[in-house]
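Peer 1: Got a structure here, written out as structure tokens. Questions coming.
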Amino acid sequence: MELHAWFNPYRASTTLNPAHFSDEHITKRHPEWFFTYAGKKLFNPGIPEVRKYIIDVIMDVVKNYDVDGIHFDDYFYPYPDSRNTPVPDQITFGQYNNGIEKIDDWRRNNVNVLVHDLGVAIKKIKPYVKYGISPCGVWDNKENNSAGSDTRGLSAYRELYADGVKWMQEGWIDYINPQIYFPFKNRAAAYEILVDWWQKHTYGRHFYVGHGAYRVTENKIGWTDRSQIPRQVRHLREEHDVEGSIYFSSKSLTDNLVGLQDSMRNDLYRTPALPLQCLG
């Protein structure tokens with residue numbers, strides 16, 4: 001078993017109540033580094049000092065703890081709220097655009113710089129530490145981007161400014177773990193369509209399917225089939241460029257929701273498996 005430290009790099013707090021933070025909390029020491037969105041205080045990805053601070057914090061873990069990997073969750077720029085409120089970073093764009101004309105391209109570049117620079121820092125100190133990211137399941141939709149998948153879901157590329165395809169093309173990460181938390185034949189984003197799309201866009205990096213194990217007790221379309229997750233695993237094992245599965249959350253497995261742990265122990269994972277290899 002390996003331990004991969006899991007980070008939400010830009011999330012500073014899920015409350016705006018200052019009483020919850022000490023005077024030494026980073027939001028009080030550098031309030032200019034943050035913006036507020038949907039009731040959360042978030043690091044502003046466009047500020048160079050923010051990127052350096054995030055990398056320094058993560059590298060403190062890499063240097064001082066025997067972790068096997070560093071893993072980013074799906075939160076980059078914030079998920080749009082119910083009113084589709086604009087991200088309040090126009091002033092930052094004016095200060096730090098470095099000649100990039102469109103704010104969407106600038107936001108993606110801000111995330112790209114962090115992803116690249118952190119990868120360089122990790123490999124310089126401990127080249128054996130694996131580095132992976134778990135973006136939301138849809139990179140982009142075909143209706144907006146001819147290179148995208150035949151889906152109509154929220155786009156990591158267009159709405160969260162997370163360009164997982166570029167990270168793999170450039171070799172910045174060891175693996176990608178898109179959160180394909182959808183059932184087969186889902187109208188907006190079908191599991192089988194997304195697995196097929198991602199496996200064609202790995203560029204020599206490892207691809208692990210993210211399964212929404214927490215959803216197995218839902219009574220929504222697709223999830224009433226309690227064999228949904230085992231069926232998903234069997235499907236991906238028929239594909240050529242899928243290295244395996246990652247589940248959210250482990251509690252769903254240890255609680256044995258709808259017998260999922262039994263199915264895995266007695267059928268899908270009857271024999272031990274080797275950990276993933278580092279691509280370097």
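For the sequence shown, the UniProt record's numbering gives the first residue as 1, with consecutive numbering after it. For each residue, glycine too, the CB sits at the ideal point set by N, CA and C.
Near M168, which residues of its chain fall below 8 Å by C-beta distance, leaving aside the five closest residues on each side in sequence?
Peer 2: Same-chain partners within the cutoff: I176, H201, T202, Y203, G204, R205.
Peer 1: What residues in its chain sit with their C-beta under 8 Å from that of D241, if we drop five residues either side in the sequence?
Peer 2: Excluding sequence neighbours, D241 sits near Q199, K200, T202, F207.
Peer 1: What are the uninterrupted segments assigned as beta strand (DSSP E) that are 3 or more residues long and contained completely in the stretch 133–221, given in chain order?
Peer 2: Complete beta strand (DSSP E) runs here, min 3: 206–211.
Peer 1: Out of R29, H30, N44, which has the shortest C-alpha to C-alpha gap to T36?
Peer 2: With distances taken between Cα atoms, T36 lies closest to N44.
Peer 1: Using the C-alpha atoms, what's the distance from Y269 back to P86?
Peer 2: Whole-angstrom Cα-Cα distance: 45 Å.
Peer 1: If we ignore side chains and look at the alpha-carbon of each, how far apart do M264 and P31 end up?
Peer 2: Roughly 47 Å separates the two Cα atoms.
Peer 1: What three-state label does DSSP hand I246 in the structure shown?
Peer 2: Correct three-state label for I246: strand.
Peer 1: May I have the straight-line CA-CA distance separating R29 from Q179, to the nearest angstrom?
Peer 2: Taking the straight line from one Cα to the other gives about 34 Å.
Peer 1: Taking 8 Å as the threshold, find out whether the stretch 127–146 comes into contact with the stretch 55–73 through three or more Cβ pairs.
Peer 2: The answer is yes - the stretch 55–73 touches the stretch 127–146, with three or more Cβ pairs under 8 Å.
Peer 1: Excluding the 5 residues preceding and the 5 following N97 in the sequence, name in chain order all residues of the same chain whose CB lies nearer than 7 Å to its CB.
Peer 2: The answer, listed in chain order, is W106.
Peer 1: Check the C-beta distance from K52 over to A12 and give it rounded, since I have them as a contact under 8 Å.
Peer 2: Contact doesn't hold; Cβ gap of about 15 Å is too wide.
Peer 1: Let me know the secondary structure DSSP gives A38 once reduced to three states.
Peer 2: If DSSP states are grouped into helix, strand and coil, A38 belongs with coil.
Peer 1: Cβ atoms of R152 and N141: under 9 Å apart, would you say?
Peer 2: Yes; because the gap between Cβ atoms is below 9 Å, this pair is in contact.
Peer 1: How would you write the range of the beta strand (DSSP E) that H4 sits in, first residue to last?
Peer 2: Its beta strand (DSSP E) spans residues 4–7.
Peer 1: For V165, tell me which candidate among D56, F21, W139, G212 has the shortest Cα-Cα distance.
Peer 2: The candidate whose alpha carbon is nearest that of V165 is W139.
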